[in-house]
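Per numbering that gives the first Met the number 0, the sequence shown runs over residues 0 to 312.
Think of the CB as a built atom: it goes at the ideal place given N, C-alpha and C, for glycine as much as any other residue.
Nothing here was measured: the structure is a model prediction, and the numbers come from that model.
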Amino acid sequence: MEQVGKKRTSSVLDVTEPEISSKFGSRILTEDNDVFKHNAWDHVEWDEEQEAMAKEKVKQQLEHPVPEEEQEQYYNNPAEYWDKFYQKNENKFFKDRNWLKVEFPELFSTSEAGAGKKRVFEIGCGAGNTMYPLLEQSENPDLFVYAADYSKTAIDVVQGNRHYDTSRSLAFVWDLASDEIPKEIEPESIDIIVLIFVLSALSPSQWAQAIKNIHKMLKPGGLVLFRDYGRYDLAQLRFKKNRLLKENFYIRGDGTRVYFFTSEEIGEMFGKEEEGKQLFKIEQNAVDRRLIVNRMRKLKMYRVWLQGKFRKL
0 MEQVGKKRTS SVLDVTEPEI SSKFGSRILT EDNDVFKHNA WDHVEWDEEQ EAMAKEKVKQ
60 QLEHPVPEEE QEQYYNNPAE YWDKFYQKNE NKFFKDRNWL KVEFPELFST SEAGAGKKRV
120 FEIGCGAGNT MYPLLEQSEN PDLFVYAADY SKTAIDVVQG NRHYDTSRSL AFVWDLASDE
180 IPKEIEPESI DIIVLIFVLS ALSPSQWAQA IKNIHKMLKP GGLVLFRDYG RYDLAQLRFK
240 KNRLLKENFY IRGDGTRVYF FTSEEIGEMF GKEEEGKQLF KIEQNAVDRR LIVNRMRKLK
300 MYRVWLQGKF RKL
C-alpha cells in the first residue's frame, strides 16, 4: 500500500524547513472526536505515548530476529524473491499513482510539448507504474524513459505490456547496487532518476554503491526523485517475531526485504561529501505522516513515508 485517496495537494512536510512547507488543501485533524469523519488525515504527529509504544514494538522485534543460520539466503539472491513476487502477482500491479503529479511535478515537466530532449530513468520499476503513466500523457517526442529492475520477471511484465514501445523506452535487468552502471546508459546522461520504494529493498551495506551509481548516471544538475518507507510506519510495527534481519531491516512473508528510514539517514546519504565536494544539493527532505481510517471497523492506521528531491552538483 503506497497511498490512498486522490491527492490534489502535497501532503509532505520538509524536515529542514517545516514552517514554510505548504499545508494548503491538506486535511488536518484538530479535534480527536472528528477522526472517523474522513478516510485520511494529513500531517498527523504522534504523541509521546504512541512513540513509546512504537519503540517498544521494535524492541520486541530486535529480541526475536531471523535465526542466524537462515539470514544468509536473504542476502545472497534477493532478486529470487522478487521474481516469485511478480510471478504470483503478475496482473495486480497497475495502481493509480495519481499522487506522482502532485508530489513530483518536475517529472511530468519532461513530458510537456517543447521540453526538448529529456532522459528519465525509473530504477526499481516493477511493472512500470511510473514509466507508463509518464509516457501515456507525454506530448514530448524527445522524451525517452529507461526502466530497470533486478527482477527479470518484473522486466518481462514491463516488456509484455501492450504499450511497451522501444522507440520511446527501454526496460532491462539491473541491480542498483551493482559495481557498475548499466551498459545501456552513458555516464552523465540522465535528467531525472526516479527512486520510489527502491532503496528500502537494499541492504544498508549497499547504500553507498547505490548512491555512487546514481551520481554517475545523472547529468550535472540532474534530479533524484525519492519516496520510501519511514521509521515506525504501520508496515514496520506489524512485523512479528523472526522477521528482523538487522535493526529496522526486515523480511516480509514472501522473502522480499524492506528497510524503514529516518529523514536523518536520507539526509546523510545524499548530503555526504566525496573528496571534499558535496555530491547533491538537498532540495527536499520531507516526511509524509498520514492517519488512514477504516470508518466501518473504527480502525486507525498510521502511515509514514519519506520523500526527497536531490540535485546533482
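For Leu12, the closest C-alpha among the options Trp304, Met268 and Phe309 is that of Trp304. One Cα belongs to Ser204, the other to Ile154, and the distance between them is close to 25 Å. Here the stretch 60-71 makes no contact with the stretch 125-141; the two share fewer than three CB pairs at distances below 8 Å. Excluding residues up to 5 positions away in sequence, nothing lies with its Cβ nearer than 6 Å to the Cβ of Lys239 in the same chain.
If you ignore the 5 residues before and after Tyr73, its C-beta comes within less than 8 Å of the C-beta of Val65, Tyr80, Leu244, Ile250, Gly254 and Arg256, all in its own chain and listed in chain order. Following the DSSP letters along the chain, one finds Phe171 inside the beta strand (DSSP E) bounded by residues Ser168 to Val172. Boundaries of the alpha helix (DSSP H) harbouring Glu68: Glu67 to Asn75, taken from the DSSP string. At a Cβ-Cβ threshold of 8 Å, Ile122 and Ala147 count as neighbours. Following the DSSP letters along the chain, one finds Ala153 inside the alpha helix (DSSP H) bounded by residues Lys151 to Gly159. For Pro219, the three-state secondary structure derived from DSSP is strand. Only residues of its own chain outside the window of five on either side were considered, and among them Arg310 and Lys311 have a CB closer than 7 Å to the CB of Gly220, listed in chain order. The Cβ-Cβ distance between Ile184 and Tyr231 does not fall below 8 Å.
Burial is judged here by how many other beta carbons sit within 10 angstroms of a residue's own beta carbon; Thr152 has at least 16 and is buried.
Under the three-state reduction of DSSP, Leu312 is assigned to coil, being neither helix nor strand.
If you look at Ile184, you'll find it isn't in any beta strand (DSSP E); DSSP assigns it neither H nor E. A direct Cα-Cα distance of roughly 5 Å separates Val172 from Tyr149.
Beyond the five residues adjoining it in sequence on each side, Phe120 comes within less than 6 Å, by CB distance, of Tyr145, Ile189 and Ile192 in the same chain, given in chain order. DSSP places Glu47 outside any beta strand (DSSP E); the residue lies instead in the alpha helix (DSSP H), whose first and last residues are Glu47 to Leu61. Beta bridge pairing from DSSP links Gln205 with no other residue. Looking only at Ile291, Pro186, Thr109 and Leu236, the smallest Cα-Cα distance to Tyr258 is reached by Leu236. Taking a C-beta distance under 8 Å as the contact criterion, Leu201 and Ala209 qualify as a contact pair. With contacts defined by Cβ atoms closer than 8 Å, Leu224 and Leu106 form a contacting pair. Taking the CA atoms as reference points, Glu267 sits about 14 Å from Gln306. The criterion of a C-beta distance shorter than 8 Å is satisfied by Phe279 and Phe269.
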